[in-house]
Every structure is written in C-alpha cells, then in structure tokens.
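The numbering used here puts the first residue of the sequence shown at 46, with every later residue one more than the last. All C-beta atoms, glycine included, are put in the ideal place defined by N, C-alpha and C. Scroll down for the structure; my scribbles are underneath it.
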Amino acid sequence: MSPPAPTQYKFGKIPKHVAIIMDGNGRWAKAKNMVRVQGHRAGAESVREVVKAAGEFGVKYLTLYAFSVENWKRPKTEVQTLMGLLENFLRDELPELIKNNIRLQAIGRLSDLPENVRDQLHQCIQATRANTGLILILALSYSGRVEIIEAVHSILREIKLGHLDSAQIDEQVFNHHLYTRYYPDPDLLIRTSGEMRLSNFLLWQLSYTEIYITPTLWPDFRRQHFAEALIDYGNRQRRFGSL
Ligand code: FPP
C-alpha cells in the first residue's frame, strides 16, 4: 500500500478514526432561501470532498452519521430525497472509491433501508472489500441505543446457546457484539453547525473520544475545515482518565 500523498498542512498526530455528525444542511438551505433538500444535495458534495481528503490525510477510518433511526420521522419527501442522494452517492462514487483504494462499510439497521439502496450498498461493499486504504463507514438507520440493546440480545442468545458464561461479560465481550466490533473507537468526533449534542451517535464508542465542534454548517464544511479539525486534534493531550 502506498503512503498517503504529502499535503500542504502541518498535522501533528493524525487521528486513526474520525467520526462526523454532519449537521446543518437545513439551516444552510434556509439561509439561502432554498428548500431543505437543496441543503442535503450540497451536503452530499461535502461528503465527497471530505472522504477524499480523509484518505489523502492518512485517516484510517471515517464514520459518517448519514441517517439516524429518528430521521425516519421526517417528512416523506425529505426521507426520499436523502435515500435518493445516498443511492446516487453509492452509484456515482464507486469508481472514485476504487480509484482511491477506499473500502466501504455500513453500520445500523440496514434492513430498514429501501431495497434499491440496500442493493447498491451491498454492491459497493463487495466491490471495495479488498481495498486497503481508508475505511469509510456509513451509519445508516443508526441509533446508539438500538445498537446497545441489540448487543444485549446477541449476548443473551450466546448465553442461551451455552457459548458464553455470564461471568465472562466484560467490555471486550460487549464490544464484540456491537456493529463496530471490527473498528477501533473514534479518536476524534466532529460535529458541524455548532450544536453541542451526541444525538444518539456511537454512545458506547465515544467514551474517550476528543470532540471538535465547529459553527460551520455541513454543506460549507470542506477539505480546509477538515484539515483544521485534524490540526486542532494534533494539539491535544489525551489522558484516557489518567494523569
Ligand atoms: C443533518 O442536517 C443531516 C442529515 C440528517 C443527513 C445527512 C446527509 C447528507 C450529508 C447527504 C447525503 C449523505 C451521503 C452519505 C451521500 P439537518 O437536516 O438536521 O440540518 P438542520 O439541523 O440545519 O435542519
């Protein structure tokens, strides 16, 4: 695998795993007298740019909160637009993902997704499975609480089958039952649009994650803003609860 290309930025330590809550599409559109779905369309452009930049900057895992379980409650037209954007992204970006050695993965209740989106998603996951660069993880129909409850059910099933003794349950065992069992916990969480909330995102995994909140709205968040977040992270001291 070739190392990432040099960039003009002076990064300190690069986070191995970056997670992003992409917020502010609606406000971006409103500020421009546009309809909300235009904000989502512009947001999809930011996704393309940030994914490419993450690979170039040497980030190994990038998790994007693209659609939450709660987002199904939005008006039907908005949900349809988001699903359409997702399908287009998966279809149009596949050659780019392959060219840039990016592997696609997804977490969440994927069975909730419309069949066409699910098919496109599985096709992309299959087509990129041997790629060794950035691992792009889309959180789709995702809820941190649902993930934890599903992990509890999965552990109970193993106990019932006699594959696990309840005395063996510890953080590592629990972790193995989460959607994210194949990935390290995020080092950096970025949230755009200035909101100070976790919004049910990666509740278990973010325990020791550094948080970076920027007022920039997601459709305006591009390569330069992503680089600034990484530079900020590079200046932090992580102690994981010790001194
Ligand atoms: C939050 O903004 C954003 C979302 C709910 C969806 C994120 C989707 C995209 C960025 C585009 C499609 C994704 C991919 C992967 C191609 P909001 O609507 O809550 O904004 P607001 O808080 O300003 O109303």
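message = Considering only heavy atoms of the ligand FPP, does any lie closer than 8 Å to the CB of SER91?
response = yes
ask   = Tell me the DSSP bridge mates of THR108?
value = ALA64, ILE182
ask   = Comparing alpha-carbon positions, which option in ARG202, ASN116, PRO264, ASN280 lies nearest THR237?
value = It is PRO264.
key: 9 Å Cβ cutoff met for ALA76 and GLN83   = no
message = Is there a C-beta anywhere in chain D that falls below 9 Å from the one on THR254?
response = Among the chains in the structure shown there is no chain D, since it carries only a single protein chain.
ask   = Name the DSSP beta bridge partners of LEU149, please?
value = Looking at the DSSP assignment, LEU149 forms a beta bridge with LEU181.
query = Does DSSP put GLU240 in a helix, a strand or coil?
reply = coil
key: Distance CB(ALA99)-CB(LEU131) smaller than 9 Å   = Not a contact, by the Cβ cut-off of 9 Å.
query = Is TYR224 near the ligand FPP, with its Cβ less than 8 Å from a heavy atom?
reply = no
request  = State the beta-bridge partners of SER113 as determined by DSSP.
outcome  = TYR187, per the DSSP bridge assignment.
key: Supposed close pair ILE182, LEU107 - CB separation, criterion 8 Å   = So it is a contact: roughly 7 Å between Cβ atoms.
query = Counting pairs of beta carbons, one from the region 194 to 209 and one from the region 115 to 124, are three or more of them closer than 8 Å?
reply = Using a C-beta cut-off of 8 Å, the region 194 to 209 makes no contact with the region 115 to 124, since fewer than three inter-stretch Cβ pairs fall below that distance.
key: Three-state secondary structure (DSSP) of ILE170   = Residue state, collapsed to three classes: helix.
request  = Flag LYS75 as yes when its Cβ comes closer than 8 Å to any non-hydrogen atom of the ligand FPP, and as no otherwise.
outcome  = yes
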